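Residue numbers (the numbering used here), protein chains in the order written: chain A, 147 to 810; chain B, 26 to 249. The C-beta atom is built at its ideal place from N, Cα and C for all residues, glycine as well. Note that the structure is predicted; figures quoted are calculated from it, not measured.
Take a look at the structure:
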């Protein structure tokens, strides 16, 4: 007896077709969908440049069709979720690409002191909103003084920003470290062993004086994404506060294990590198991050030093180590003003691609190696980034993946392309020497037509001889998964100028070694299951919905489950939503992906430490966690922020005892 | 934090042009050479209203004719959701849940907060049917059930985003969207939560619209 992924009985012939289809797709992905020639060799690309809708490519090839023509070219891509509502077919005004230089966010500036002085317990009288006392000074007041020597005073403010010379200035929300408001905000340059404290002030306009451009709720909670942070400083979605209030957030910059299995300094192999901060206000995260409340937090140590003469010899920060925040947005066709679809439940796409706050900028680089920290700020788009030389479309332009979700891999991996989803980061090294004197592009060639996820994607599949039903197909059989080179979205232009220059950074081709991957052999205390589902349009986890669980304290008091402090768990994330993708993010500790549909992960981006796992259609991912050191509340949620804002989130907490709830 | 009265909501509406004028001085957002262009605020409001909050003619459970935007939404804190009377699964659960929510809203329901439930099947659900359905759940004043022309209700449903990308699923009324849209029209703040979420959390979410200047910790949970 054979079944498809939807549990329907199918013939043996059909089942073989499905597996063959899946195999084809796997090969395409494994091949990196590289050059035009390769695809033609495989018979998958016509001379006209379109991917062949090869019979059997989709497990649902006979069932699913779509009326949407494939989009192509950077100027004709679709607007927001055109499948959904007539009113959503907004197409942005024309903008000239590559006329604005790339903005590089300045390094965040410290302040000498804060007034009033930070206190261990929340200073409610002064307007602080914080759910609990700082944990770190209670563990070690000498290493973690309540008032550390590094202090930041961040104000979230409304300001005007130019996204393109062809659009009016936009009313945005940004962050001000005292040197001016910007979005993305200033980049933190943080160091392990140097605890710091940020006072996050809500200085956005009162809700009644917003000059509201149609979206954004000036009620905030700033999350430091992937930090090994105590819960009271994590930026929990339910700990939001309004104008005139602030939250002192204590960032210990300490390695996981420092207070448990690797005392006193923690496990060096758990070093984090590329983190980001963003608003996390429950139900309004998508609006507030789209309006600009995002920024980078780069964390260095004695190995990943930010200096190419020392440690791992990675390109020096900030000159050759460049954070890149990607965002897709849409603008009113008449006024040119930034718009947001407030009434969408699926996920929203923009037709303009911003890097560090401007549409399609250019960046003048030297012919040497650079480290780039790529961040997908969402709201809902996935990217697959290739390097493209428009004068040599058939050429292969590999680059190096060195980190997943901000964490260095054991060794660099050479890739033709990298796919990332909302909230994911990759650290890469691009060597521009072969392109001296040329202009090349970072091109997104992934086809995505709506908030569901990429137009054509399958899960990593079960072994073919499996009698189970874990073959998975392509969503829209008429859609190419990947646009041909030059026909995707050219998001960033690199102008490689100047002659050969000194480069003291390590050559990834010499196979340098970074951190080892922490072992995943430990026996889990518990294996929990999380089913990501949609019940009558209501996004859910295990059939339940987001709930802040506010108690008599005025803060969250009820949680879905309790993790035991300093324990190992396995979590099984199951996608029951058919064709939808869910980039699932879990706070506090990173995870490793042990398997996807029972097979070991094969994608390079799945090989390292992660804090977001892309849950593909009809897939079950098995994750390994060590929850260490801190106590308190954290969320698990889908980071397609539209899904997140519509209840695909659950609060849990770490307690000394934990609980035994298998399906929380 | 003082609760916002209906009057203060109306006052915000009146104050909007002043705030916009101040902002215009600070933020020159309109294209140059475009005389008399409207403030961003007004334009955004008009765009949202036109795309999402159509001014359709509907009938209440009392047989009263009302306009969706002008009479139901404009100047108010509201909730919007869809049902049909003969629905077996989702509607009774959501409606029963909202009946608990209405109790948690207390005296604010009908004075500061207005709940609206719209039928998906106006051909079956005439005024009598929706009145009967409403009475089954002991809906209090301030929670209005509405019917109207099928085309209009479809337009409204799609306008507030309660639709699926897959047309086949979108047609299947048994799978209809069970979410609750909540919003503050004077401020053009809009969010949504599942209609089946815990009633206390639904009521708290609606309260964010009524008291948008309140931080967490500044109110206690609504009565259980």
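Pop quiz: residue 851(A) and residue 316(A) are said to be a contact at Cβ under 8 Å. What is the actual Cβ separation, rounded to whole angstroms? In the structure as shown, chain A begins at 147 and stops at 810. Residue 851(A) is therefore absent and cannot be evaluated.
Residue from 394(A), 801(A) and 521(A) whose Cα sits closest to the Cα of residue 421(A): If we check each option's Cα against that of residue 421(A), 521(A) comes out closest.
Taking Cβ-Cβ distances below 8 Å as the criterion, which residues of the region 766 to 795 of chain A are in contact with chain B? Against chain B - using a Cβ distance shorter than 8 Å - the residues of the region 766 to 795 of chain A are 791, 792 and 793.
Within 8 Å of any Cβ in chain A, is that where the Cβ of residue 142(B) sits? It does not; no Cβ of chain A falls within 8 Å.
Whole angstroms is fine: what's the gap from residue 691(A)'s alpha carbon to residue 222(B)'s? 6 Å
Are there 16 or more other CB atoms within 10 angstroms of the CB of residue 57(B), so buried, or fewer, so exposed? For residue 57(B), the pLDDT reaches just 29, beneath the cut-off of 50, and the residue's location in the model is therefore unreliable, leaving the point undetermined.
Tell me, please, which residues DSSP counts as bridged to residue 137(B). DSSP output for residue 137(B) lists no bridge partner at all.
Three Cβ pairs or more, each shorter than 8 Å: is that satisfied between the region 714 to 732 of chain A and the region 783 to 796 of chain A? yes
Determine, using beta carbons only, whether residue 350(A) and residue 389(A) come nearer to each other than 8 Å. Contact flag set, yes.
Quick check: the Cα distance between residue 242(B) and residue 156(B), rounded to an integer number of angstroms? 39 Å
What in chain A is Cβ-close to residue 201(B), meaning under 8 Å? 682 and 683
From this set, 229(B), 202(B) and 191(B), which residue's C-alpha is nearest residue 596(A)'s C-alpha? 191(B)
Measure the C-alpha to C-alpha separation of residue 802(A) and residue 343(A) and round it to an integer number of angstroms. 26 Å
Could you pull out every residue in the same chain whose Cβ sits closer than 7 Å to the Cβ of residue 158(B), ignoring the five residues on either side in sequence? 110 and 170
Under the assumption that residue 737(A) contacts residue 769(A) (Cβ atoms under 8 Å), give the Cβ distance between them as a whole number of angstroms. 4 Å
In chain order, which continuous runs of the alpha helix (DSSP H) of length 4 or greater are located wholly inside the region 204 to 245 of chain B? 224 to 235
Spatially closest choice to residue 290(A) from 250(A), 759(A) and 396(A), by CA coordinates: 396(A)
At least 3 beta-carbon pairs within less than 8 Å: the region 320 to 337 of chain A vs the region 244 to 258 of chain A: In this structure the region 320 to 337 of chain A lies against the region 244 to 258 of chain A, because at least three pairs of beta carbons, one per stretch, are closer than 8 Å.
With DSSP run on the structure shown, which of helix, strand or coil describes residue 434(A)? helix
When Cβ atoms are compared, which residues of the region 160 to 174 of chain B fall closer than 9 Å to chain A? none
Count Cβ pairs between the region 171 to 187 of chain B and the region 78 to 91 of chain B that sit closer than 8 Å; are there 3 or more? yes
Residue 499(A) by DSSP, collapsed to three states: which one? strand
Between residue 187(B) and chain A, is the shortest Cβ-Cβ distance under 8 Å, so that the two count as touching? yes
Mark residue 183(B) as exposed unless 16 or more other C-beta atoms lie within 10 angstroms of its C-beta, in which case mark it buried. buried
Cβ of residue 242(B) less than 8 Å from any chain A Cβ? yes
Please report the distance separating the alpha-carbon of residue 682(A) from that of residue 231(B). 21 Å
Closer than 7 Å by beta-carbon distance: list the chain B residues that pair up with residue 477(A), in chain order. By Cβ distance, chain B contributes nothing, its closest Cβ being about 12 Å from residue 477(A), past 7 Å.
Going straight from the alpha carbon of residue 505(A) to that of residue 150(B), what length do you get? Cα to Cα, the separation comes out at about 49 Å.
Can you pull the DSSP bridge partners for residue 713(A)? Bridge partners of residue 713(A) according to DSSP: 773(A).
If I follow the unbroken beta strand (DSSP E) through residue 553(A), where does it start and stop? 553 to 561
Counting along the chain, where does the alpha helix (DSSP H) carrying residue 184(B) start and finish? First-last of the alpha helix (DSSP H) with residue 184(B): 175 to 184.
Quick check on residue 197(B): buried or exposed, where buried means 16 or more other Cβ atoms within 10 Å of its Cβ? exposed
Close beta carbons around residue 808(A), own chain, < 8 Å, minus the five adjacent residues each side: 672, 673, 674 and 675
Could you spell out where the beta strand (DSSP E) holding residue 285(A) opens and where it closes? Element bounds for residue 285(A): not the beta strand (DSSP E) but the alpha helix (DSSP H), 282 to 285.
Would you say residue 60(B) lies against chain A (beta-carbon separation less than 8 Å)? Residue confidence for residue 60(B) is low, a pLDDT of 35 falling below 50, so the modelled location carries little weight and cannot support an answer.
CB-CB length for residue 751(A) against residue 564(A), believed under 8 Å: Sure, about 6 Å apart at Cβ, within 8 Å.
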